[in-house]
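A.B. asks: This is the structure I have questions about; it appears just below.
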Amino acid sequence: MIALQFIEFGAVVASACYGILLASRKRMDFVGLFCVACAVAFGGGTLRDLCLDRQPLFWIQNGQYPVIVFGLAAVGAIAPGTMLRLERRLAIPDALGLGLFTIVGTGYAVEAEAPLFVAALIGVMTGAFGGVIADVICNEVPTIFRPAPLYASCSFAGAWVYIGGECLGWEHSLTLALSLGTVVFFRLASLKWDWRLPSVSHPEDPSGG
Amino acid sequence: MIALQFIEFGAVVASACYGILLASRKRMDFVGLFCVACAVAFGGGTLRDLCLDRQPLFWIQNGQYPVIVFGLAAVGAIAPGTMLRLERRLAIPDALGLGLFTIVGTGYAVEAEAPLFVAALIGVMTGAFGGVIADVICNEVPTIFRPAPLYASCSFAGAWVYIGGECLGWEHSLTLALSLGTVVFFRLASLKWDWRLPSVSHPEDPSGG
Amino acid sequence: MIALQFIEFGAVVASACYGILLASRKRMDFVGLFCVACAVAFGGGTLRDLCLDRQPLFWIQNGQYPVIVFGLAAVGAIAPGTMLRLERRLAIPDALGLGLFTIVGTGYAVEAEAPLFVAALIGVMTGAFGGVIADVICNEVPTIFRPAPLYASCSFAGAWVYIGGECLGWEHSLTLALSLGTVVFFRLASLKWDWRLPSVSHPEDPSGG
């Protein structure tokens, strides 16, 4: 399980970097950088814990993560260029983190006896909604709701692989590897070949398709 | 109580349609349509359940509703025009849903021994705040906070009728009918005769009234 | 403890005034004024209570506060100028309230055995995040995340003074006075001498520093 802790650590770092760059695009100060980074890194898990009534929250129990995000935000405030160079190398940790958080969230929801479709949604929420909260705070329409390389969809696919494995009684580590692999493969493939869902035009919009 | 289930179903459909049209106005993709529709349909009830510490949440317990919203979002993505035609017929289901959710929310809050004024607020939150959350996600100032045909006010009036009936010991089905009728009547009348509250100008705004 | 209740009352009034003026800048109606004022006044405490699983929520238990905010919003809708004159005298109550809510939040988190750094963050959330929620609802990038006289930082400093006092076993009333004094002093000094954190430019922004 030491491997899972490495993935979790990488995911927090990747999320925080995304948040710090987003906040600096809005010319926030250090407070903004730190809070937006926390929103990306801990927002999805917090929503999940509130929805499933799990206490204490993820980031309260793992008190080291807010400290790490604080340190990253400090680096982002002093040397913004570092953050950018760091983020460029974070596509793989980010995809791994999306996969891990999806699976953990789905697993908790299945444990809490949520209906399967709802469990998959809670997996996606855990993996992908930190970024949604951060985008909303920064006054942006959430990136993952707009046509862009697939993100939530990869998480959704992986959640169903996990649920399938659990229902069919596969060995736990196999289910874990297959569902994590599904998310990572689809995410990296979407980035590489620019897979995206089409945008929907409002039916009354004259410029729409 | 089968009638109440029909009203609930209609309210979820009406809420989802509002969300899908809102999201398509922002040119989101299917993920955005589905998530915004869920925010409208389940946001108010989720806020209520979190504030009153009720578990499991409304949409986790009624796992069929997220599936219905998923289907509607798919229709909205493939044939946006259908959604528009559907929404035009949804003023009555929407008003009924506003009424039902207001009453249910107020009732839960009274049960939890909240002060009466707070119970009315929680009723309004249940009925009307899904739309607020969706508007905020879509980067819009919430519609129900701006001058427009009365919405939250109708819900607030109905909540007080319900509370009055409970305090005066009316028969439960009479209280239910009267408070539901109050919300629906005020909402439809506001739409028909364009009743609205005036906007407030900032005192330092030179163009203000 | 009667003094603390006066401070709490003053803080709710100051928060509500901020919210009412913010909402009127967006030309909302009475519903918007009231809801945004509630978001400022109760948002931070609600987040804290949800994160620490405390029930009933602050504003449900103290049912008089929503009524007071309702009254203030009515005054704000009828005589907006009053609100502005009121707010100009509210810098001190607001700073006292920031201090009080920070300390209460930090104290609850320490009680719940949160790690100390997390406890300080929850103190800041309690004191300062109502305004963040209101800004997000009003479609503004949160004020306290942008370069402006220090606000969250004053709260953070006071939280650490409180934690320090508790860890070193100071007498409770001394710890209280010192940490409250720290927040108020830093906040009023920041306002007077315009202390602020620098904004961070995005590394790829050509107009950035």
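Chains as they are written, first to last, in the working numbering: chain V, 1 to 209; chain C, 1001 to 1209; chain W, 2001 to 2209.
We treat Cβ as the ideally placed atom computed from N, Cα and C, and that holds for glycine.
1. So, is D94/V buried or exposed, given that buried needs 16 or more other C-beta atoms within 10 angstroms?
2. With contact counted as at least three CB pairs below 8 angstroms, one residue from each stretch, are the segment 1033–1042 of chain C and the segment 1069–1076 of chain C in contact?
3. What are the residues of the segment 108–122 of chain V that lie near chain C, defined by any Cβ-Cβ distance shorter than 7 angstroms?
4. Between the segment 1170–1182 of chain C and the segment 1098–1105 of chain C, do three or more beta carbon pairs fall short of 8 angstroms?
5. Return the first residue and the last residue of the alpha helix (DSSP H) that E111/V is part of.
6. What in chain C is Cβ-close to L50/V, meaning under 8 angstroms?
7. Look at the alpha carbon of E2171/W and the alpha carbon of Y2162/W, and state the distance between them as a whole number of angstroms.
8. Taking only beta-carbon atoms, is F30/V less than 8 angstroms away from chain W?
9. Quick check on S1015/C: buried or exposed, where buried means 16 or more other Cβ atoms within 10 Å of its Cβ?
10. Roughly how many whole angstroms lie between the Cα atoms of Y2018/W and I1078/C?
11. From which residue to which residue does the alpha helix (DSSP H) around G1130/C run?
12. With distances taken Cα to Cα, identify the nearest neighbour of A1023/C among F145/V, L176/V, Y151/V.
13. Take every Cβ of the segment 2190–2207 of chain W, pair it with every Cβ of the segment 2146–2157 of chain W, and state whether three or more of those distances are shorter than 8 angstroms.
14. Within 8 angstroms, do at least three Cβ pairs link the segment 1042–1056 of chain C to the segment 1113–1129 of chain C?
15. In this structure, does DSSP put Y18/V in helix, strand or coil?
16. Is there a Cβ from chain W that is less than 8 angstroms from the Cβ of S1201/C?
17. Just verifying my parser: in three-state terms, what is the DSSP assignment at A41/V?
18. In chain C, which residues lie less than 7 angstroms from D53/V when you measure between Cβ atoms?
19. Chain C partners of V136/V, CB-CB under 7 angstroms?
20. I need the straight-line Cα distance from V2216/W to A2159/W, nearest angstrom please.
21. Classify G2158/W as helix, strand or coil using the three-state DSSP reduction.
22. When you compare only the Cα positions, how much space is there between S1190/C and I1068/C?
23. Run through chain V and tell me which residues come within less than 9 angstroms of S2173/W, C-beta to C-beta.
24. Should I1137/C be labelled buried (16 or more other beta-carbon atoms within 10 Å of its own) or exposed?
25. Just curious, the alpha helix (DSSP H) that H1172/C is in, first and last residue?
26. Of all Cβ atoms in chain W, is any one closer than 8 angstroms to the Cβ of F1145/C?
27. Quick check on A77/V - is its C-beta less than 8 angstroms from some C-beta in chain W?
28. Spatial neighbours of I1122/C within its chain, please: C-beta separation below 8 angstroms, excluding the five flanking residues on both sides.
29. Taking Cβ-Cβ distances shorter than 7 angstroms, what residues in chain V pair up with A2152/W?
30. Excluding the 5 residues preceding and the 5 following G2010/W in the sequence, name in chain order all residues of the same chain whose CB lies nearer than 7 angstroms to its CB.
31. Listing by chain order, which chain V residues have their CB less than 9 angstroms from the CB of E2140/W?
32. Using only the alpha-carbon positions, how far apart do R1952/W and L2084/W sit?
33. Which whole-angstrom value is the C-beta distance of A2091/W and L2176/W, which I expect to be below 8 angstroms?
34. Any Cβ of chain C within less than 8 angstroms of the Cβ of L2072/W?
C.D. replies: In brief:
1. So D94/V ends up on the buried side.
2. Here the segment 1033–1042 of chain C makes contact with the segment 1069–1076 of chain C; the two share three or more CB pairs at distances below 8 angstroms.
3. Residues of the segment 108–122 of chain V with a Cβ closer than 7 angstroms to any Cβ of chain C, in chain order: A114, P115, F117, V118, L121.
4. Touching, yes.
5. Run containing E111/V: 91–111, per the alpha helix (DSSP H) assignment.
6. What L50/V touches in chain C: L1050.
7. Taking the straight line from one Cα to the other gives about 11 angstroms.
8. With its beta carbon less than 8 angstroms from one in chain W, F30/V belongs to the interface.
9. With a 10 Å radius around the Cβ and a threshold of 16 neighbouring Cβ atoms, S1015/C comes out buried.
10. The straight-line gap from Cα to Cα measures roughly 44 angstroms.
11. If you look at G1130/C, you'll find it in the alpha helix (DSSP H) that goes 1116–1137.
12. Nearest C-alpha to A1023/C: F145/V.
13. Touching, per the Cβ criterion.
14. Contact between the segment 1113–1129 of chain C and the segment 1042–1056 of chain C is present, because at least three Cβ pairs lie under 8 angstroms.
15. Assigned with DSSP and collapsed to three states, Y18/V falls in helix.
16. S1201/C counts as touching chain W.
17. The DSSP-derived three-state label of A41/V is helix.
18. Q1055, listed in chain order.
19. Under the 7 angstroms cutoff, chain C gives V1136, I1137.
20. There is simply no residue 2216/W to check, as chain W begins at 2001 and stops at 2209 in what is shown.
21. It is helical.
22. The straight-line gap from Cα to Cα measures roughly 29 angstroms.
23. Within 9 angstroms Cβ-Cβ: nothing; S2173/W doesn't reach chain V, min ~28 angstroms.
24. I1137/C is buried by the Cβ-count criterion.
25. Counted as a single uninterrupted DSSP element, the alpha helix (DSSP H) harbouring H1172/C occupies residues 1172–1193.
26. Interface criterion met: the Cβ of F1145/C is under 8 angstroms from a Cβ in chain W.
27. Yes, because at least one Cβ of chain W sits closer than 8 angstroms to the Cβ of A77/V.
28. Once the five neighbours on either side are set aside, the close Cβ partners of I1122/C are R1048, C1051, L1052, G1105, T1106, Y1108, A1109, A1114.
29. Residues of chain V whose Cβ lies closer than 7 angstroms to the Cβ of A2152/W are, in chain order, V31.
30. Excluding residues up to 5 positions away in sequence, P2093, L2096, G2097 lie with their Cβ nearer than 7 angstroms to the Cβ of G2010/W in the same chain.
31. Here the neighbours are N139.
32. It is not possible to answer for residue 1952/W, since the shown part of chain W is limited to 2001 through 2209.
33. Between L2176/W and A2091/W the Cβ distance is about 21 angstroms, and since that is not below 8 angstroms, they are no contact.
34. Taking Cβ atoms only, chain C never reaches closer than 8 angstroms to L2072/W, which makes this a no.
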